[in-house]
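Note sheet for the following structure.
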Amino acid sequence: MLLQIESYLKSQLDAVLADLNWPAVAYQFERPKVEAHGDISVNLAMLLAREVKQHPRQIARTIVDRLRLDSRKIARTEIAGPGFVNFFLAPEFLQQGVRHILEQGEHYGRFRDHAGQKAQVEFVSANPTGPLTVGHGRQAVLGDTIAHLLEWVGYQVQREYYFNNAGRQMRILADSVRLRYLELLGESIEFPQDYYQGEYIRDIARHLVEEYGDALKAEKDLEIFKTSAEQRIFADIKKTLARLGIVFDSFYNELDLYANGAVDAVVQSLKKKGWAYQKDGALWFKATAFGRDQDRVIIKSSGEPTYRMPDIAYHKTKFDRGFDLIVDLFGADHIDTYPDVLAGLQALGYDIGRVKVLIHQFVTLYEGKEKVKMSTRKANFITLDELIDEVGADVTRWFFLMRSMQSHLNFDLSLAKTQSEENPVYYTQYAHARICSILRNAEEKGIRFRRMEALHRLVEKSELELIKKLMEFPKLVRNCARDFEPHLLTQYLSGVSTAFHKFYTDCWVIGDDAELTQARLALCLATRIVLANGFRIVGVSAPERM
RNA sequence: GCCCCCGUAGCUCAGUGGAUAGAGCAAUGGCCUCCGGAGCCAUGUGCGCAGGUUCGAUUCCUGCCGGGGGUACCA
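Residue numbers for the first sequence follow the working numbering, beginning at 1 and rising by one.
And the structure:
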């Protein structure tokens, strides 16, 4: 609705500009912070000042005098401050906004902007060497929410998890399991310090003992230990993600890229195109030709490819699989490696404009004032599961979404535990539960919403403020999806809750005036729709009771 | 050394090229005849420092200071 009124205003303003023979400038609509400045303001006059060589206020005056706006949409127009033109929405327009929301229901806020287009979001992508950490949790929640947002603007989205099961880490993991296995069989072993120390390694070994007895005692090949570890750990990872409501559509592994020749094909292709050369016994990629500060080794002198090769080959498959939008979500530790991948793709002739790389900063855990150092190897990390045990899935998701991804996140565990009852997510969910309670109450009294024509009774300030808030939702969804900024949603939703709680305090819903009751029930229903739709995107529950 | 991110209220964090910079937690005082008090209302402090661009900078640019991360023929 807000989007409709903006395009209406834009067409009116553009017509006036054309009339006056004034140049088109890129003016913007915004929602003023201060109530006295109206509902929508436009900075047009200030931008025109230089072009037209008049005072902004005078320009604004000229424009406003020529505007003939529909009074059912815009109640009045004012010029203020340095030359803002402020518009005040007509109550009638707001009341019709409620009707619009009720008619749209669970589709309110959805767009078809990208209908028919395919997007892929790659995230988490943690190697199966241990349980997910709190840091992975941040990425998991961000990625899943971005995927939701893209779905809301029309994309068909695939969630993909890429993992590396070909490298040295997995060998160490496998050998860690082997040693624990031998230990369980009573052999005396020496467990290296840089091996995986976690208790879960013993669990995996225990399963092997149960399944194979001592049959693997002399097994020199690590394959069975590796496969077993990979399967067990992945099962746990999936279970953890499922607790947060996250399900991946596809898992892609590095080994396949070697097995099916994809890595080799990329090497040949780079050579053929002249982007690779031999030096010091290694094969180098001419990354400097694509703006990098130095060339990179892609095949070591030992004959092994470096990690960049499978990364490039993997990304090539994303293009070959036909995605219109490719989103990569990485932790800050990858910040210096993805440009090589992009350069590689450019060298192969792909349009990297389709790739959106998102970097999120790390989570630093605190226990009170003490910083908790985390290392999967040393197994002194707090797992994502433990965090969910402590605060629940809703709080976990909400907490990770309250911060923008480029901000470092200090997570105080003891605070999260003690404050879990006072958490902002409860405040927001409470509004939803409260609405459900009112509706139950009405139901018990035999009152049902059925009269859309009562909406003109919504005239109280807190009613109109709530409606304005609800009408912002679609624009917000679209902007969050466009800018890949899921955190704005949590802020918005808690703003909706505030507006609702105010309305609830000021206005009695179920009363003697049947028509007014109908109007306010409609507003409650509309609020519930917006909250529920928002919760669906951020992935928290919409409780009917708390 | 070089590259990336961050520096906003006591704490954790939002936000904006513009008109009076916000939320949650923490603190203090109010609000229950009646739909859920997990609520509402009221009270305080802040854009790291210095230049520049601009009609206007907390926002953009440069330098500095402080914190985090990267910078391998490891992944």
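Glycine included, C-beta positions come from ideal geometry on N, C-alpha and C. Predicted, not measured: the structure shown is a model, and the values here were computed from it.
| Asked | Found |
| --- | --- |
| If you draw a straight line from the C-alpha of Gln95 to the C-alpha of Arg321, how long is it? | 47 Å |
| Using alpha carbons as the reference points, say which of Lys461, Asp513, Ser71 lies closest to Phe547. | For residue 547 there is no data in the structure shown, the boundaries of the chain being 1 and 546. |
| Might you give, ordered along the chain, the residues of its own chain that have their beta carbon closer than 8 Å to the beta carbon of Arg402, omitting 5 neighbours on each side? | Per the sequence shown, the amino acid found at residue 402 is Met instead of Arg. Correct list, in chain order: Pro424, His487, Thr490, Gln491. |
| Counting beta carbon pairs with one atom in the segment 456–470 and one in the segment 82–99, are three or more of them shorter than 8 Å? | yes |
| Sorted by chain position, which residues of the same chain lie with C-beta nearer than 7 Å to Arg99's C-beta, five sequence neighbours on each side aside? | Met452, Leu455 |
| Restricting to Cα atoms, I'd like to know which of Glu35, Ile224, Thr337, Glu187 is closest to Met309. | Thr337 |
| At the level of alpha carbons, what is the spacing between Arg434 and Glu544? | 8 Å |
| Which residues bound the beta strand (DSSP E) around Arg180? | Arg180 -> not in any beta strand (DSSP E); alpha helix (DSSP H) instead, spanning 168–184. |
| Does DSSP classify Asp506 as helix, strand or coil? | helix |
| Could you have a look at Asn253 and say whether DSSP puts it in helix, strand or coil? | strand |
| For Arg561, is the classification buried or exposed, using 16 other Cβ atoms within 10 angstroms of its Cβ as the cut-off for buried? | No statement about residue 561 is possible, as the shown extent of the chain runs from 1 to 546 and does not include it. |
| At what residue ranges does the segment 58–113 contain a whole run of the alpha helix (DSSP H), taking only runs of 4 or more? | 91–104 |
| Residue range of the beta strand (DSSP E) that Thr227 falls in? | Segment 223–243 is the alpha helix (DSSP H) holding Thr227; no beta strand (DSSP E) there. |
| According to DSSP, simplified to helix, strand and coil, what is Leu325? | strand |
| Rounded to whole angstroms, what is the Cα-Cα separation between Leu9 and Ala15? | 10 Å |
| Run the CB neighbour count on Lys239, radius 10 Å, all protein chains shown included, and call it buried at 16 or more, exposed below. | exposed |
| Taking the alpha helix (DSSP H) that Ile201 falls in, what are its first and last residues? | 199–212 |
| So what's Glu160 in DSSP terms, helix, strand or just coil? | strand |
| Using DSSP with H/G/I as helix, E/B as strand and the rest coil, what is Arg403? | coil |
| Classify Asp324: buried if its beta carbon has 16 or more other beta carbons within 10 angstroms, exposed otherwise. | exposed |
| Taking Gln467 as part of the alpha helix (DSSP H), name the residues at either end of that continuous run. | Sequence inspection shows Ile at residue 467; the Gln mentioned does not correspond to that position. Its alpha helix (DSSP H) spans residues 461–471. |
| Less than 8 Å between the beta carbons of Pro131 and Thr364, yes or no? | no |
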